[in-house]
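A.B. asks:
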């Protein structure tokens, strides 16, 4: 039995050392991440392989290799790969190394790569994060390329071009314009027997319609719920705030909204929640927020109104058969005050690369947003193309739901303003917002208490980020 | 001379053979750990160089309610899952120790969950089980009980994760099985001659002789439970929802590091976790003198 004691001692020592020293992040964490990375790595290696073989064949011309990273699902990866192929076919001197990732992984990876000054030459960029990168001078100034015509902006409306300017520097170009708005399942509305106005409604009207819906559904013994709980979406909160003449942030990077509007917003959804049948209960909302698209109650035809970016309409339509889905604007203030602002993904160039790569990257950006060969693949992938001529060009290529989306965006673009970019530290504010609405949903705090705590946390988060 | 160079040569060759491990140790463990120790005393957002900030991160932690919440969640998880894992592992090992027909298959079946229980796929499966529309509620529905969404209700969410942890008792079970085989039959025979019944034999022979392995399993399970991450990350969609009831310490650390780019604060959290695990393990070792029986 002495042997056992020795054995246990050694076993413990070995395992203790290895597990403690293998890092405090947790083994399972690393496993999960590495397995995800593995898949993307294999993607990379396969594309690298194919490039290497072509590399050897035409070594006569001087080759430039640029790395292009984007986020998205499998379908988007196919579309973007096709665009890269077209670009390579037309520009034999440039090879595009593709680095796709899912939305969450993309930003983890980009932050790490930027820290190591090895960010991709061309990358997807988003207004939600751009300040983090532009504020630290990791994005190239694209103005010279716009002036010398490498990036052609003649067919892009000036408001959209200027939307790529952060802190005075032109750092990104729009991949497409979209809006995060409401989508109505008209079949359910008809079945329950509720009318709703065509494009615009006010927050009060929205609540009235919701209650009417709940009453009628109950009378008829139908099990539908009127709408998503939009207090879960900080984007929708932003609409409420903007229609009150404020915004989430001010131009100089401070909190742009006050406690009063926050309380009003939480109270508005609490009233609907308490009414019953208008929005789902707190636990169901928590569940919805973590469900994939095809499992959401809206997709399954149990909820009549949902919120998501309109460029995703065709993805939902693909799941929902012939349901009549109607894109609808977010409610306005009672006097018709609007919250719309231009949204959508952008494309940017790294500041860490040499001029030769920068030139090739700028050519790629121009090809991406300004050529038929690119847009015939992209279509509505990121919203309506910023290039107005190409927006017309893709129309005949679109399926029915994409046409609905493009019509909607065209109708709404004229009434939209531009949003203020989130300052550094915004992700901590976003996290505090998530806590705040959950506290009201689960009833552990009143709207007033939760709004007060949220304001304190939000101000502290931005203050902390400045140090 | 010749003798010496030969020795030197052998030394060099020795280090060459060691080099894969040495490189791995320094590049993947020692240097990153030292870096993280430095980061924990600095402000670091991964995009700009770290700036020394003294004890800021640690003092901030002392007044961070989410830090305490995540500690509470983690201790609840460790405190409930580890004892149940050990009890189940021991019971099943006792049942499966006899060489009956197909016992190997049963052992394999009970061991399997601990191989893939921490995986993403199982976490997703768990989500499907305990959803509002999940399998569990469908079974409850047959008995006329209307279930709630177990993973999205603050008071129950943590228990679904604890259950997932308990389900993975297989690894401990295998250790117990091996240890049970080590206990000489002569002890039991002697006890039977003295008239000891099954229960007495269990409590006076089996359990005392098993205590070294119980100790080993406790330490291992406690450490891995503290580091548990994937299930909470997947089931709460990386948020710790609902109401932070599944905000494991490692999940909070991850959110600070990769969600909010507060790498310095996250490093400080990591070092505190290391200290906590070290302290708990130390306490276990001290108490072990009182109850672990080495013959």
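Chains as they are written, first to last, in my numbering: chain A, 941 to 1407; chain B, 9 to 303. Glycine included, each C-beta is placed from N, C-alpha and C at the ideal position. Values in this document were obtained by computation on a predicted structure and should not be read as measured data.
For residue 170 (chain B), tell me which candidate among B:230, B:113, B:222, B:146 has the shortest Cα-Cα distance.
C.D. replies: Cα-wise, what sits closest to residue 170 (chain B) is B:230.
A.B. asks: Give me the Cβ distance between residue 1284 (chain A) and residue 1116 (chain A), rounded to the nearest whole Å; I'm assuming they're in contact under 8 angstroms.
C.D. replies: Rounded, the Cβ-Cβ distance is 5 angstroms, consistent with contact.
A.B. asks: Along the chain, where does the beta strand (DSSP E) containing residue 185 (chain B) start, and where does it finish?
C.D. replies: First-last for residue 185 (chain B): 178-190, but that is the alpha helix (DSSP H), not the beta strand (DSSP E).
A.B. asks: For the alpha helix (DSSP H) holding residue 65 (chain B), just list the boundary residues, first then last.
C.D. replies: From DSSP, the alpha helix (DSSP H) with residue 65 (chain B) extends over 64-70.
A.B. asks: Three Cβ pairs or more, each shorter than 8 angstroms: is that satisfied between the region 1241-1255 of chain A and the region 1177-1185 of chain A?
C.D. replies: No: fewer than three Cβ pairs fall under 8 angstroms.
A.B. asks: List the endpoints of the continuous beta strand (DSSP E) containing residue 1007 (chain A).
C.D. replies: Per DSSP, residue 1007 (chain A) belongs to the beta strand (DSSP E) from 1004-1011.
A.B. asks: Measure from the C-beta of residue 229 (chain B) to each C-beta in chain A and report whether the shortest distance is under 7 angstroms.
C.D. replies: With 7 angstroms as the cut-off, residue 229 (chain B) does not count as an interface residue toward chain A.
A.B. asks: Terminal residues of the continuous beta strand (DSSP E) containing residue 1120 (chain A)?
C.D. replies: From DSSP, the beta strand (DSSP E) with residue 1120 (chain A) extends over 1120-1125.
A.B. asks: Which runs of the beta strand (DSSP E), 3 residues or longer, sit entirely within the region 1140-1183 of chain A?
C.D. replies: You should have 1165-1167.
A.B. asks: On the three-state DSSP scale, how would you describe residue 302 (chain B)?
C.D. replies: It is coil, neither helix nor strand.
A.B. asks: Comparing C-alpha positions only, which one of A:1093, A:1144, A:1299, A:1046 sits nearest to residue 1310 (chain A)?
C.D. replies: The candidate whose alpha carbon is nearest that of residue 1310 (chain A) is A:1093.
A.B. asks: Could you give the C-beta distance for residue 45 (chain B) and residue 279 (chain B), rounded to a whole number, given that I count them as a contact under 8 angstroms?
C.D. replies: At roughly 7 angstroms, the Cβ-Cβ gap stays under 8 angstroms, so residue 45 (chain B) and residue 279 (chain B) are in contact.
A.B. asks: Measure the alpha-carbon distance for residue 998 (chain A) versus residue 1032 (chain A) and round it to whole angstroms.
C.D. replies: At residue 998 (chain A), the pLDDT of 45 sits below 50, so the modelled position is not reliable; the number obtained from the coordinates is stated separately. C-alpha separation (whole angstroms): 9 angstroms.
A.B. asks: From the DSSP output, in three-state form, read off residue 54 (chain B) for me.
C.D. replies: The answer is coil: DSSP assigns residue 54 (chain B) none of H, G, I, E or B.
A.B. asks: Specify the secondary structure class of residue 1219 (chain A) as computed by DSSP and reduced to three states.
C.D. replies: Reduced to three states, the DSSP call for residue 1219 (chain A) is coil.
A.B. asks: Below 9 angstroms between beta carbons is the criterion; list the residues of the region 1065-1087 of chain A that meet it against any residue of chain B, in chain order.
C.D. replies: So the list reads 1072, 1073, 1075, 1076, 1078, given in the order they occur along the chain.
A.B. asks: Note the first and the last residue of the continuous alpha helix (DSSP H) segment covering residue 43 (chain B).
C.D. replies: From DSSP, the alpha helix (DSSP H) with residue 43 (chain B) extends over 39-47.
A.B. asks: Name the two residues that bound the continuous beta strand (DSSP E) containing residue 264 (chain B).
C.D. replies: First-last for residue 264 (chain B): undefined, no H or E at that position.
A.B. asks: Is it buried or exposed, residue 309 (chain B), if we count other Cβ atoms within 10 angstroms and call 16 or more buried?
C.D. replies: The structure shown does not extend to residue 309 (chain B), since chain B spans only 9 to 303, so no value can be given for it.
A.B. asks: Between residue 157 (chain B) and chain A, is any beta-carbon pair separated by less than 7 angstroms?
C.D. replies: By this cut-off, residue 157 (chain B) is an interface position.
A.B. asks: Please classify residue 1220 (chain A) as buried or exposed, where buried requires at least 16 other C-beta atoms within 10 Å of its C-beta.
C.D. replies: Burial call: buried.
A.B. asks: Going along chain A in order, which residues have a C-beta closer than 8 angstroms to the C-beta of residue 245 (chain B)?
C.D. replies: Near residue 245 (chain B) (Cβ distances below 8 angstroms), the residues of chain A are 1229, 1230.
A.B. asks: Buried or exposed for residue 298 (chain B), please, with buried defined as at least 16 other CB atoms from any protein chain shown within 10 angstroms of its CB.
C.D. replies: Per the 10 Å Cβ criterion, exposed.
A.B. asks: Return the chain-ordered list of same chain residues with a C-beta closer than 7 angstroms to the C-beta of residue 1387 (chain A), the five sequence neighbours on each side being excluded.
C.D. replies: Cβ neighbours of residue 1387 (chain A) beyond the five flanking positions: 1203, 1206, 1207, 1210, 1380.
A.B. asks: So residue 139 (chain B) contacts chain A; which residues on that side make the cut at Cβ distance below 8 angstroms?
C.D. replies: Here the neighbours are 1227.
A.B. asks: Should residue 1045 (chain A) be flagged as near chain B, meaning a C-beta pair shorter than 7 angstroms?
C.D. replies: Not an interface residue.
A.B. asks: Any beta carbon of chain B sitting closer than 7 angstroms to that of residue 1055 (chain A)?
C.D. replies: Output row for residue 1055 (chain A): interface = yes.
A.B. asks: Do the CB positions of residue 1112 (chain A) and residue 1356 (chain A) come within less than 7 angstroms of each other?
C.D. replies: Against a cut-off of 7 angstroms, the Cβ pair of residue 1356 (chain A) and residue 1112 (chain A) comes out as no contact.
A.B. asks: Does the beta carbon of residue 250 (chain B) sit closer than 7 angstroms to a beta carbon anywhere in chain A?
C.D. replies: Yes, residue 250 (chain B) lies at the interface with chain A (some Cβ there is under 7 angstroms from its Cβ).
A.B. asks: Using a Cβ-Cβ cutoff of less than 6 angstroms, which residues in the same chain neighbour residue 1079 (chain A) once the five nearest sequence positions on both sides are dropped?
C.D. replies: Hits under 6 angstroms: 1073, 1111, 1288, 1291.
A.B. asks: Taking a Cβ distance cut-off of 8 angstroms, strictly less, list which residues of the region 55-83 of chain B are near chain A, in chain order.
C.D. replies: Cβ contacts with chain A come from 55, 56.
A.B. asks: Check distances from the C-beta atoms of the region 1374-1388 of chain A to those of chain B and list, in chain order, the residues that come in under 9 angstroms.
C.D. replies: Correct list: 1374, 1375, 1378, 1379, 1381, 1382, 1384.
A.B. asks: Report the residue ranges of all beta strand (DSSP E) runs contained in full by the region 1281-1320 of chain A; include only those spanning at least 3 residues, in chain order.
C.D. replies: Segments of the beta strand (DSSP E) lying fully in the region 1281-1320 of chain A: 1286-1289.
A.B. asks: From residue 243 (chain B) to residue 1225 (chain A), what distance separates their C-alpha atoms?
C.D. replies: For residue 243 (chain B) and residue 1225 (chain A), the distance between alpha carbons rounds to 14 angstroms.
A.B. asks: Under 8 angstroms: do the region 1015-1025 of chain A and the region 1315-1324 of chain A share three or more Cβ pairs, one atom per stretch?
C.D. replies: Yes, since at least three Cβ pairs between the region 1015-1025 of chain A and the region 1315-1324 of chain A fall closer than 8 angstroms, the two stretches touch.
A.B. asks: Take residue 105 (chain B) and list the residues in its own chain whose beta-carbon comes closer than 8 angstroms to its own, dropping the five residues that flank it on each side.
C.D. replies: Cβ neighbours of residue 105 (chain B) beyond the five flanking positions: 185, 188, 189.
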